[in-house]
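Chemist: What follows is a structure written as structure tokens; I'll ask about it next.
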Amino acid sequence: MSTFQHNSWIQVRPMPQLAEAVDREDDWTGVTSATERRRRQNRLNSRAFRRRRAREEQECLKGDLPRSTTAHGTALEHEATIPCWSEASQAIILVPISHLPSHLWYSKMPLLPYTTTPVKLNRVIFPLSSDHLITLLQYNVLRACLINRDLVAKLQPREGGEEWSSTALTILPNVDSSFLSQLLPPSLHPTLLQKTVLHAAWIDILPHPVLRDNLILLTTPVHVQPSSCKTTPFDEDALWTDSVGGLFKGSSPTQANYTGGIVWASPWDVSGWEMSEAFWRKYRSIFRGCEDEVLSATNRWRRKRGESDLAQE
Numbered sequence: 001m002s003t004f005q006h007n008s009w010i011q012v013r014p015m016p017q018l019a020e021a022v023d024r025e026d027d028w029t030g031v032t033s034a035t036e037r038r039r040r041q042n043r044l045n046s047r048a049f050r051r052r053r054a055r056e057e058q059e060c061l062k063g064d065l066p067r068s069t070t071a072h073g074t075a076l077e078h079e080a081t082i083p084c085w086s087e088a089s090q091a092i093i094l095v096p097i098s099h100l101p102s103h104l105w106y107s108k109m110p111l112l113p114y115t116t117t118p119v120k121l122n123r124v125i126f127p128l129s130s131d132h133l134i135t136l137l138q139y140n141v142l143r144a145c146l147i148n149r150d151l152v153a154k155l156q157p158r159e160g161g162e163e164w165s166s167t168a169l170t171i172l173p174n175v176d177s178s179f180l181s182q183l184l185p186p187s188l189h190p191t192l193l194q195k196t197v198l199h200a201a202w203i204d205i206l207p208h209p210v211l212r213d214n215l216i217l218l219t220t221p222v223h224v225q226p227s228s229c230k231t232t233p234f235d236e237d238a239l240w241t242d243s244v245g246g247l248f249k250g251s252s253p254t255q256a257n258y259t260g261g262i263v264w265a266s267p268w269d270v271s272g273w274e275m276s277e278a279f280w281r282k283y284r285s286i287f288r289g290c291e292d293e294v295l296s297a298t299n300r301w302r303r304k305r306g307e308s309d310l311a312q313e
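According to UniProt numbering, the sequence shown is numbered sequentially starting from 1.
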């Protein structure tokens, strides 16, 4: 009894439609979803197009070379090249200077031109002194104020024509406490004075309720004082300028005379703020009632740098 064994053979043929495939995700054969199949086909077509364009670009460059260059192959090797971005190949290629259009080569001078002679530079000593960080401190305080301003603006959105300025006055609305907790951190919750007394809008961005009330009392005639009492008008502009370390004075302060604040944490958290010694000496009166908390935060940051504490008196 003989057994007939039939061998099945599967012929493997190249699939030119998958010539650009690099992994299984590029294989669109057998994909039943028309959208997915079209997406994979588009990816392969784009890849083939870029490869074809790159090949054509290289052929054009070779075809434009002088005969002497192609014959000897030495002139091109020693010719200077310029790195250029190839849109076709999506890569940086080195193009000989002689093949660059004249209007492209001479249109711009390099920012740092090549030179064979030593260049004399001003001496820079590293590490840089801490005075170089003053500007960063100034802008960081300004940024913190803008963040608090945006938070408070959720309570009372301003119209397009209104601006936050030193002359803008406001009274914050009385918002339900449960809803208020969703809008603002506790340190920025409006006090009774903020909700009942017309006051400067910039006061609302300060991260301590006692400090805000103190400034409302200083800048707003909320009570009648005896005629015999002569008070010096509070300079709001000076406070603002000093808070950001003289950012808008047009001069760069040094570490020795820096008058301003430093923000180390979230701008609405008073424990993340530090006052310079000059700022504390000049404005300590506005912190009456919250000086312990504010000074404690400042001294905590000073101790981290090995500096002595600021005293209340």
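All C-beta atoms, glycine included, are put in the ideal place defined by N, C-alpha and C.
1. Among the candidates 313, 28, 261, whose CA atom is the shortest distance from the CA of residue 297?
2. Throw me the rounded Cβ distance for the residue 270 and residue 185 pair, which I believe falls under 8 Å.
3. Starting from residue 270, trace the beta strand (DSSP E) both ways and give me its first and last residue.
4. Is it buried or exposed, residue 22, if we count other Cβ atoms within 10 angstroms and call 16 or more buried?
5. According to DSSP, is residue 160 part of a helix, a strand, or is it coil?
6. Measuring CB to CB, does residue 168 end up less than 8 Å from residue 201?
7. Looking at C-alpha atoms only, which residue of 289, 288, 274, 41 is the closest neighbour of residue 359?
8. Mind reading off the beta-carbon distance from residue 213 to residue 172? Whole number of angstroms is fine, and I expect it under 8 Å.
9. Just mark residue 243 as buried or exposed, buried being the case when its beta carbon has 16 or more other beta carbons within 10 Å.
10. Can you list, in chain order, the residues of its chain whose CB lies under 7 Å from that of residue 312, leaving out five sequence neighbours each side?
11. On the DSSP bridge list, what partners appear for residue 82?
12. Taking the continuous alpha helix (DSSP H) assigned at residue 216, which residues delimit it?
13. Can you round the beta-carbon distance between residue 301 and residue 264 to whole angstroms, since I take them to be within the 8 Å contact cut?
14. Based on Cα-Cα distance, which residue from 181, 155, 182 lies nearest to residue 194?
Modeler: So, from the data block:
1. Closest option to residue 297, Cα to Cα, is 261.
2. 11 Å between Cβ atoms; not a contact.
3. Here residue 270 belongs to no beta strand (DSSP E), and DSSP marks it neither H nor E.
4. Residue 22 is exposed by the Cβ-count criterion.
5. Any answer about residue 160 is weak, because its pLDDT of 47 lies below 50 and its placement is not dependable; what the coordinates show is given next. DSSP places residue 160 in coil when its eight states are reduced to three.
6. Yes; because the gap between Cβ atoms is below 8 Å, this pair is in contact.
7. Any question about residue 359 goes unanswered here, given that the chain covers just 1 to 313.
8. That belief does not hold up - the Cβ atoms of residue 213 and residue 172 are roughly 13 Å apart, past 8 Å.
9. Only buried fits residue 243, as 16 or more other CB atoms lie within 10 angstroms of its CB.
10. Sequence-distant Cβ neighbours of residue 312 in its own chain, meaning closer than 7 Å and more than five residues away, are 291, 295.
11. Under the DSSP definition of a beta bridge, residue 82 partners with 95.
12. Annotation for residue 216: the continuous alpha helix (DSSP H) segment containing it runs 209-219.
13. Residue 301 to residue 264, Cβ: 6 Å. Contact.
14. With distances taken between CA atoms, residue 194 lies nearest to 155 out of 181, 155, 182.
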